[in-house]
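Numbering (full-length UniProt numbering), first residue to last: 1 to 336.
Everything below concerns the one structure shown next.
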Amino acid sequence: MTSSTENASLTEAASIETQQPWLTFLTELASKPNREKMVSDVVNMLKNFLLSDSENAASETAKQIDNYTLFGTLTRRHLNFVFQTIYNLAALIPFEDQKQEMLLQLIVELLKMPRRSITHPDGKMVDEVPICYDINMEIKHDMWNARHVDEFDLDYKTQDEYTQGCIEWINLSKFYARCIAEGLDDHDDRACKFPGYDIPEALEQQFEYTPGIDTDFRVMVATQYIIIAGEEIRKDDIKWWDEHAPIWEKNLEQLENSYENGFLEVAPRFETPPGEKELIGTGDLGMDILGSVKDAREKLKELGERASEQESKKTTDTPVGSENPAEKNAVEKNDE
């Protein structure tokens with residue numbers, strides 16, 4: 001139970017955070033008319049967690065969530081809402097904010113929760129593997145599909161809405177990168193589909209780069225995946241990484257030069273028909289894109305050198321005169 005002193009601390013912390021988008025999101029979620037009690041209960045758990053400075057906040061909140069009952073039982077719908085809210089918060093919290101790390105640790109603790117019997121919408125009780133694994137995977141993939149950004153969003157969004165969507169996409173992508181680096185996705189065969197799509201989209205395009213937010217947000221997403229989770233992504237598919245990395249290095253070098261010295265003037269890729277809305281973003285992310293490009297180049301170089309050293313060590317460790325077992329067997333058969 002929360003003490004009066006702890007409540008006062010949380011209230012003070014909340015007043016400091018009042019202008020933060022993530023807190024506005026939770027407040028609006030809990031104040032919707034006709035909301036279920038479950039919604040406000042989960043929102044309060046997550047709000048108190050993010051405003052806490054306790055070292056045990058993640059484990060304690062995970063236990064609260066795991067012990068929460070709706071109509072006397074633990075339901076899949078309740079856990080779906082928990083993970084949906086966590087990933088929405090990850091998109092709203094700036095990627096350099098420590099609260100993203102807090103959310104990551106909360107997922108770590110939730111994945112430790114034991115097997116539970118849960119109730120499906122049809123009322124059937126089912127004993128499952130640690131249910132949070134499945135739900136975490138499903139919601140993560142759903143959120144990637146729902147929040148993915150491209151210029152066609154401008155067909156129905158204002159420039160400000162589009163810019164905010166780009167910022168939230170970068171925040172969420174960096175959170176995904178952290179999940180991969182932490183090893184949370186080791187049980188998910190498709191976890192690296194996100195960087196497998198987003199890195200080439202930014203660093204393997206067939207056209208000259210043009211200045212502006214449409215280039216910036218893609219480059220920021222790709223470079224953060226490389227910087228934070230490059231090692232784990234490469235381990236997932238070494239052949240793919242090693243084939244594509246030289247292309248990325250070349251384009252990152254071009255981007256570094258462009259961000260430092262200016263982009264080449266090129267004709268727009270698409271001509272806007274008369275009377276139609278121009279689908280080109282004009283906003284500013286307010287992020288250090290050049291710094292991220294430089295760090296990604298350095299990371300690629302580091303991973304390449306490490307791979308070369310490992311390959312060299314394998315060659316050095318092979319005894320002189322050693323034979324391929326298949327070749328040796330073939331020789332022995334011929335001798336017979």
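The beta-carbon is built from N, C-alpha and C at its ideal position, and this holds for glycine as well.
Please read all numbers here as calculations on a predicted model, not as lab measurements.
Short Cβ contact (7 angstroms threshold) for serine 258 with tyrosine 209 = yes
If I'm right that residue 338 touches leucine 279 with Cβ under 8 angstroms, what's the distance once you round it to whole angstroms?
-> This structure cannot settle anything about residue 338, because the visible part of the chain is limited to 1 through 336.
Cβ shell of leucine 111 (< 8 angstroms), same chain only, five flanking positions each side left out = Pro130, Cys132, Tyr133, Asn136 and Leu184
Note the first and the last residue of the continuous alpha helix (DSSP H) segment covering lysine 37.
-> 37-51
Pull up the distance between the alpha-carbon of proline 195 and that of leucine 285, whole angstroms please.
-> Cα to Cα, proline 195 sits roughly 20 angstroms from leucine 285.
With a CB to CB cut of under 8 angstroms and the five nearest residues on each side skipped, what residues in its chain are close to serine 292?
-> Val219, Met220, Thr223, Gln224 and Ile227
Can isoleucine 93 and glutamine 100 be called in contact, C-beta distance under 7 angstroms?
-> yes
Counting along the chain, where does the alpha helix (DSSP H) carrying methionine 137 start and finish?
-> Where methionine 137 is concerned, the enclosing alpha helix (DSSP H) stretches over 131-147.
Which runs of the alpha helix (DSSP H), 4 residues or longer, sit entirely within the region 137-221?
-> 159-182 and 193-203
Residues near glutamate 12 in its chain [Cβ-Cβ closer than 6 angstroms; skip 5 each side] = With a pLDDT of 48 at glutamate 12, under the threshold of 50, the modelled position of this residue cannot be trusted; read the value that follows with caution. If we look at glutamate 12 and ignore the five residues flanking it on each side, it has no Cβ neighbours.
Report the rounded CA-to-CA distance for glutamine 205 versus tryptophan 240, giving the unit in angstroms.
-> 17 angstroms
Which listed residue (Lys193, Leu172, Glu201 and Ser59) has its alpha carbon closest to that of arginine 234 | Lys193
Considering phenylalanine 25, what are the terminal residues of the alpha helix (DSSP H) in which it resides?
-> 21-30
Of the residues Tyr87, Asp160 and Leu50, which one's Cα is nearest the Cα of glycine 281?
-> Selected option, being the one with the closest Cα: Asp160.
Compare the C-beta of tyrosine 68 against all C-beta atoms of chain B and say whether one is closer than 7 angstroms.
-> Checking the listed chains, one finds no chain B in this structure; it contains a single protein chain.
Tell me whether lysine 328 is buried or exposed, calling it buried when 16 or more other Cβ atoms sit within 10 Å of its Cβ.
-> With a pLDDT of only 42 at lysine 328, under the threshold of 50, the placement of this residue in the model should not be trusted; the figure read from the coordinates follows. Per the 10 Å Cβ criterion, exposed.
Is the beta carbon of lysine 140 sitting closer than 7 angstroms to the one on glycine 230?
-> no
Per DSSP, what kind of secondary structure is aspartate 97 in: helix, strand or coil?
-> coil
Quick one: residues in its chain with C-beta nearer than 7 angstroms to the C-beta of asparagine 324, no 5 flanking neighbours on either side, listed in chain order?
-> Only weak support is given to the placement of asparagine 324: the predicted model assigns it a pLDDT of 44, under 50, and the question is left unresolved by the model.
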